[in-house]
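Presented below is the structure to which this report refers.
In the numbering used here, the protein residues as written are 345 to 722.
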């Protein structure tokens, strides 16, 4: 997303958005200005267990008391290894999304991983529409076919109440034996021009239906030999600068989209930190070099590549300082019901200790509110 709003216009749009979400008298607008804790909470996306909204659910507390910014739904619970999670049928998902939004003071990012193929939370055996993998799209290489599946996906996502989709994948299929990209058919192909051609169609259809598409995984996960869900994925010897091309080319189109980070270590880019936690990778390469100025989502901060190597406070500090706007805690590889209040407390402490500049929080909050406004979440 490329934006050139002046600070005055940006402030006005945020004020109008907040007023639209919370009808108040003019005299009460200043009293309802967001606190630091509110801004931090908008930077958190969380997962939970349950098919229905429950007054005893921690996610209701997170929305009502903490004003959390986003929710992500899954079809499978990794901690119990059962399909008892959030997604049962189209009618149930729509009701769940509507009820969660109804509780929120500030409209939620309602997110899902619906790539198609083997990574699809909305499965046909539960009544959702057919879908195909990125590999199928790339090998077919027919724009009309791509648009057919992209349009159908976008229409269903919108009808169900989603406004963020963690797709399309723009990782290049440089290693077909990659256990989480190539072997799962998640890449359009190895040619960046092919990837961009089809990813742009998905972004166009998402945009028509007020869905924020999220390109992943920056700066490229396609060459890895191991899985960052279960350990550190080191791409130092396999990554190539060509993997940046989809981000550069799609930024140049002016299409609206967000980006998700990769939990990969590339010591040629940053000798010490994986991409999600690296200012050199995210602030310098993605924002400064590529010119991207949209929302940057982390990949799941509870994945083994981050959680076991860095711990919660250290990883949160580095991620925010690296330019991550929304910290994703899927609550699926591990389940931490108090992760939202815990993260808010951690970030407040880091600000008070001088480890994070509050200006960084303000900038992320402005991006989030601007994007929610553009998605007509009011």
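A virtual CB, placed ideally from N, CA and C, is assigned to each residue, including glycine.
| request: Could you tell me whether the Cβ atoms of residue 459 and residue 397 are closer together than 7 angstroms? | output: no
| Can you give the Cα-Cα distance for residue 644 and residue 515, rounded to whole angstroms? | 17 angstroms
| field | Uninterrupted alpha helix (DSSP H) stretches inside the region 512–570 (no shorter than 4 residues) | value | 536–552
| message | When you compare the region 616–627 with the region 699–713, are there three or more beta-carbon pairs, one atom per stretch, that lie closer than 8 angstroms? | response | no
| Rounded separation between residue 610 and residue 435 - CA only | 44 angstroms
| query | Which residues does DSSP pair with residue 613 in a beta bridge? | reply | Bridge partners of residue 613: none, in fact.
| said: What I want to know is whether the C-beta of residue 680 ends up closer than 6 angstroms to one or more non-hydrogen atoms of the ligand FMN. | reply: By its list of ligands, the structure shown contains no ligand whatsoever, and the ligand FMN lies outside what it can speak to.
| task | Assign residue 423 to buried or exposed, taking buried as 16 or more other Cβ atoms, counted over all protein chains shown, within 10 Å of its Cβ. | result | exposed
| task | Identify, in the order they occur along the chain, each residue of the same chain with its Cβ nearer than 6 angstroms to the Cβ of residue 475, setting aside the five sequence neighbours on each side. | result | 460 and 464
| query | Distance, Cα to Cα, residue 394 vs residue 687? | reply | 22 angstroms
| Less than 7 angstroms separating the beta-carbons of residue 389 and residue 672? | yes
| Roughly how many angstroms lie between the CA atoms of residue 538 and residue 586, to the nearest whole one? | Rounded to the nearest angstrom, the two C-alpha atoms are 13 angstroms apart.
| task | Tell me, to the nearest whole angstrom, how far the beta carbon of residue 640 is from that of residue 603; I am working on the premise that it is less than 8 angstroms. | result | 5 angstroms
| said: Let's test the definition: count the other Cβ atoms within 10 Å of the Cβ of residue 416 and tell me whether it reaches 16, buried, or not, exposed. | reply: buried
| said: Just verifying my parser: in three-state terms, what is the DSSP assignment at residue 494? | reply: helix
| query | If you run the structure through DSSP and keep just helix, strand and coil, what is residue 698? | reply | coil
| field | Helix, strand or coil at residue 635 according to DSSP, with G and I counted as helix | value | coil
| Are the beta-carbon atoms of residue 661 and residue 630 separated by less than 7 angstroms? | no
| Between residue 549 and the rest of its own chain, which residues show a CB-CB distance below 7 angstroms, the 5 nearest in sequence each way excluded? | So the qualifying residues of the chain are 491, 494, 495 and 498.
| task | Assuming residue 712 contacts residue 670 (C-beta within less than 8 angstroms), just tell me the rounded distance between them. | result | About 7 angstroms; that satisfies the 8 angstroms criterion.
| Shortest alpha-carbon distance to residue 649 belongs to which of 591, 540, 608 and 633? | 608
| said: Looking at the secondary structure, which residues open and close the beta strand (DSSP E) in which residue 458 lies? | reply: Where residue 458 is concerned, the enclosing beta strand (DSSP E) stretches over 458–460.
| Identity of the residues DSSP links to residue 414 by a beta bridge | 389 and 453
| request: Counting only the same chain and skipping the five closest in sequence on each side, list residues whose C-beta sits under 7 angstroms from that of residue 401. | output: Same-chain partners within the cutoff: 392 and 394.
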